[in-house]
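Chains as they are written, first to last, in my numbering: chain Y, 783 to 1006; chain A, -14 to 296.
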Amino acid sequence: MDGFISLLGDYAVVEAFWTNIRLAFFSCIAAFILGFVLALFRISPVPSLQWVGTAYVNTVRNTPLTVIMVMGTLVIWGQLNVTFSSDFETNFFILAVWGLSLYHAPFFCEAIRSGVNTVPVGQAEAARSIGLSFLPAARLVVFPQALRGAVTPIGNTVISLTKNTTVAAAASVTDISAVMQSMIELNPNLMIYIFLTVAFGFCLIVIPIGLLTTWLSNRLAVDR
Amino acid sequence: MSSGSVLFDAPGPKARRRIFITNMIAVILLAAIVALVLWQLGNQGQLAPHRWWNAVNGTAWQHYLVPGLIFTLQSALIALVTSLLFGLIFGFIRLMPFVPLRALATVVVEFFRAVPVLVLMVFFYSFFSLVVAPTGAMDARDAPYFSVITALTLYNGAVIAELVRSGVRSLGKGQREAALTIGMTRGQSLRLVEIPQALVVMLPALMSQFVIILKDSALGYIIGFAELLRYSRQLGAGYGNIMQSIVIAAIIFIMLNFVLTWLTQILSRRLSSRTSGDTTVENPGMAKQTLKDPSRSSRIREDIGIAEDKP
Chain Y
783 MDGFISLLGD YAVVEAFWTN IRLAFFSCIA AFILGFVLAL FRISPVPSLQ
833 WVGTAYVNTV RNTPLTVIMV MGTLVIWGQL NVTFSSDFET NFFILAVWGL
883 SLYHAPFFCE AIRSGVNTVP VGQAEAARSI GLSFLPAARL VVFPQALRGA
933 VTPIGNTVIS LTKNTTVAAA ASVTDISAVM QSMIELNPNL MIYIFLTVAF
983 GFCLIVIPIG LLTTWLSNRL AVDR
Chain A
-14 MSSGSVLFDA PGPKARRRIF ITNMIAVILL AAIVALVLWQ LGNQGQLAPH
36 RWWNAVNGTA WQHYLVPGLI FTLQSALIAL VTSLLFGLIF GFIRLMPFVP
86 LRALATVVVE FFRAVPVLVL MVFFYSFFSL VVAPTGAMDA RDAPYFSVIT
136 ALTLYNGAVI AELVRSGVRS LGKGQREAAL TIGMTRGQSL RLVEIPQALV
186 VMLPALMSQF VIILKDSALG YIIGFAELLR YSRQLGAGYG NIMQSIVIAA
236 IIFIMLNFVL TWLTQILSRR LSSRTSGDTT VENPGMAKQT LKDPSRSSRI
286 REDIGIAEDK P
């Protein structure tokens, strides 16, 4: 056990977790924006935009995240020489954020769309009949209810995104799973402790998000 | 409302013209983006026919894609069966009235749902290769294979345990009450009456879980499991067409999952006439699209937080 305490000092466990949290934070924002745009595309009455939204969602959600990450490093960076930063580490970090965002955007898109679907048609009809035009009706009546209805699926997507930040290890980011791998390699006798520390860390991050989601969705539930 | 969308009223002549113009602009923009990407790829020599041909010719299939695909499918199928067993056992325990055991099962299920699959894989890989293999119980070269299956089993088993629980809950308490009335114990009622019905209800959800398992098996790449992605990378390294071979691997994954999702939807329509439970299923890991009806089924899904996805 003493060896384990000193091991925690040798490795940047907290920093590695911080990398995962930063990855999750930036990817969540980017994926949500992209997912929102995709949802607008899919809801819009414009056929070509609908097609783009549906095609993107169906393609990306069927691709393994690992494939996307590997494509980012080996193809986008390695073959096509696209760089986001002169700093090696920052470059891979940004690549991983892009990979995570592109992969999770369809999940956010579907979450938002399912929220929009919970709004009864009568709400939009009532909004129009009191004279609201398209934008005010969307902004004041439909979207506030839609986002409330989408709280649970959005929360679930945030949780899985947070867990999926570990896949950034495939894009050469020294995240917690990469640190864990090298820790175990050099200290195999402490394997169990190392695993439980990392696992417990994730429980500490993921379970509060789950509780917050449940609390929010109950609190914000639209009474119908 | 002919369009079926809450936001948009049925378009009149003016709106129709506006939709037409937006559509044209979007098509032109889209074509421009595609052309730009292709032009850039062409400039870098990535569109050279031999590069693509080397990724899909007989040699590529025979020595790289088929062997990789076999390992991917094999590990995913085995993991599906074992996680189903795990899920049935833990789902059963979570429904039993014995509180300490139930609490233990809850902790186990919640733990494996919270820990990322990759972390589980890395741990079991080290465990199998450093602890089990030296005892001679396992060949060290098989460690990645078994760790992929174990990690997938634990995570997806925990998800399936929740599916079992929610499936049984969706039946309504009348089934259990009837079973208890004719003299069955709680265990018998679960085993003989409730879980068999819940399984029919669950079948489509189970199939969509298979898509998630299939996608997750690609995580094995990171710990050195020779699955489709790793074989494709080797193919690309050998023939200097890394982009093309990884794109082919991605297309294979996409088509497999697409077919599976499609079958799931057919199955869920078929089964809906055979059970009183709710067989509708969302796309794998996706929020369910219930149209204007936040009914019983969608609340059950939200209740257990099924919109869980993995890479």
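Note that the Cβ used here is the ideal one computed from N, Cα and C, for glycine as well.
query	result
Exposure label - Trp880/Y; buried when at least 16 CB within 10 Å	buried
Endpoints, the alpha helix (DSSP H) within which Leu23/A is located	-2 to 28
Nearest neighbour of Met853/Y, chosen from Arg254/A, Ile239/A, Gln229/A, Leu241/A [CA to CA]	Gln229/A
Contact set between Thr948/Y and chain A, taken where Cβ atoms lie within less than 8 angstroms	Pro101, Leu103, Val104
Beta carbon proximity, Tyr49/A to chain Y, threshold 8 angstroms	no
contact_flag[the stretch 174 to 193 of chain A, the stretch 926 to 937 of chain Y] where n(CB pairs < 8 angstroms) is 3 or more	no
Cβ-Cβ separation, Arg87/A to Ile78/A (assumed contact under 8 angstroms), whole Å	6 angstroms
Contained alpha helix (DSSP H) runs [length at least 4] in the stretch 879 to 913 of chain Y, N- to C-terminal order	903 to 911
Alpha-carbon spacing of Ser257/A relative to Leu248/A, whole angstroms	14 angstroms
For Leu156/A, three-class secondary structure by DSSP	coil
Candidates Gly817/Y, Tyr793/Y, Gly937/Y, Met965/Y, of which the one nearest Val988/Y by Cα	Gly937/Y
Range of the contiguous alpha helix (DSSP H) that encloses Trp833/Y	829 to 842
At least 3 beta-carbon pairs within less than 8 angstroms: the stretch 136 to 151 of chain A vs the stretch 189 to 208 of chain A	yes
Leu89/A versus Tyr140/A - alpha carbon distance	16 angstroms
Ile167/A (DSSP reduced to helix, strand or coil)	coil
Nearest-angstrom beta carbon gap, Phe866/Y and Leu877/Y [assumed within contact, 8 angstroms]	7 angstroms
Three CB pairs or more closer than 8 angstroms across the stretch 106 to 114 of chain A and the stretch 971 to 981 of chain Y	yes
Test: Phe113/A CB closer than 8 angstroms to a CB of chain Y	no
Residues near Ser999/Y by beta carbon distance below 6 angstroms, same chain, minus five either side	Val933, Thr934
Range covered by the alpha helix (DSSP H) that runs through Met962/Y	958 to 968
Reference Thr848/Y; option with closest CA among Ser217/A, Lys200/A, Gly221/A	Lys200/A
Own chain, CB closer than 7 angstroms to Phe823/Y, minus 5 neighbours either side, in chain order	Leu831, Gln832, Val834, Gly835
Buried versus exposed call for Ala235/A [16 or more other C-beta atoms within 10 Å across all chains shown]	buried
Residue-level contact to chain Y via CB, Gln29/A, 8 angstroms cutoff	yes
Below-8 angstroms beta-carbon distance, Asp124/A vs any chain Y residue	no
Span separating the alpha-carbon of Ser942/Y from that of Gly121/A	37 angstroms
CB contact check: Ala235/A to chain Y, cutoff 8 angstroms	yes
Where Glu797/Y falls: helix, strand or coil (DSSP)	helix
Sufficient close CB pairs (3 or more, under 8 angstroms) joining the stretch 169 to 177 of chain A to the stretch 6 to 15 of chain A	no
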